[in-house]
Amino acid sequence: MCRGKIGDKTLLIVDTSDISKLYAKKMEYLGRVRDGSKKELADGYWTMHVIGGETVSSEKMPLYSRLYSAKAPDFEGENAERLKAVRRVCIGVGNKGIWVMDRGGDRGWLYDYFLDQRLQFIIRLKGDRHLVYRGKKILAVDLARCCSLPYVESLIREESQGEKRYDVAYGFCPWMSHPWM
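Printed below as a string of structure tokens:
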């Protein structure tokens, strides 16, 4: 249904979350999750979602949604769940779009998969991630501090106290032909 709406620059946002079941006692494969809103452990299930969206539109396209439990006998791990989501969406949209993940996507095997499949991606790096730049190993955060950020966009986020504005500065290297150079 969304196949024709996914372009080369469509963001394919992967979100791992949880559903807490505070009062449940006998639900199948009920496991322990980290309740993101309360910042504590609770009974519940994990979720994996992929949402498609354009930067110039507020329209969102749900592409994948799965509820899973680490206690289920067929559970193979979070890495397998993440890969399952990417593969399933790729069946529908091909190699189009730009995959976007938070720090949970900062995994070497996932970079290898994206590069092998020639998929575009943006992944927020963990603070201890090292990169090779001009033949030298350097912390990603140190490399980022050296980058020119000539562009600024404003984002408005609705919060409980009202709207809050965030200015995001960014830059890019149009001359880069390979992501590791």
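Going by the working numbering, the sequence shown opens with residue 915, and the numbers climb by one from there. We put the beta carbon where it would ideally sit given N, CA and C, even for glycine. A quick note: this is a predicted structure, and the numbers were derived from the prediction, not measured.
Kindly indicate which three-state DSSP category residue i falls into: helix, strand or coil?
i	result
Y1025	helix
G921	coil
L1069	strand
G958	strand
D988	coil
A938	coil
R946	strand
G1018	helix
L1063	coil
G1096	Residue 1096 cannot be examined here, being either before or after the span of the chain that is shown, 915 to 1095.
M1095	For M1095, the pLDDT reaches just 35, beneath the cut-off of 50, and the residue's location in the model is therefore unreliable, although a value from the coordinates is still provided. Coil.
Count the other CB atoms within 10 Å of the CB of residue i; is the residue buried (16 or more) or exposed (fewer)?
i	result
V1014	buried
P1093	Confidence at P1093 is low in this model, with a pLDDT of 49, below 50, so the placement of that residue is unreliable and no value is reported for it.
R1038	exposed
R1017	exposed
I1005	exposed
G918	exposed
L977	buried
A999	buried
L1069	exposed
V1066	exposed
Y1176	Lying before the first or after the last residue shown, residue 1176 is absent from the chain, which here runs from 915 to 1095.
Pull up the DSSP beta-bridge partners for residue i, would you.
i	result
L926	G966 and W1013
P976	I965
K1051	V1046
V1082	E1067
Sufficient close CB pairs (3 or more, under 8 Å) joining the stretch 954-963 to the stretch 920-935: yes
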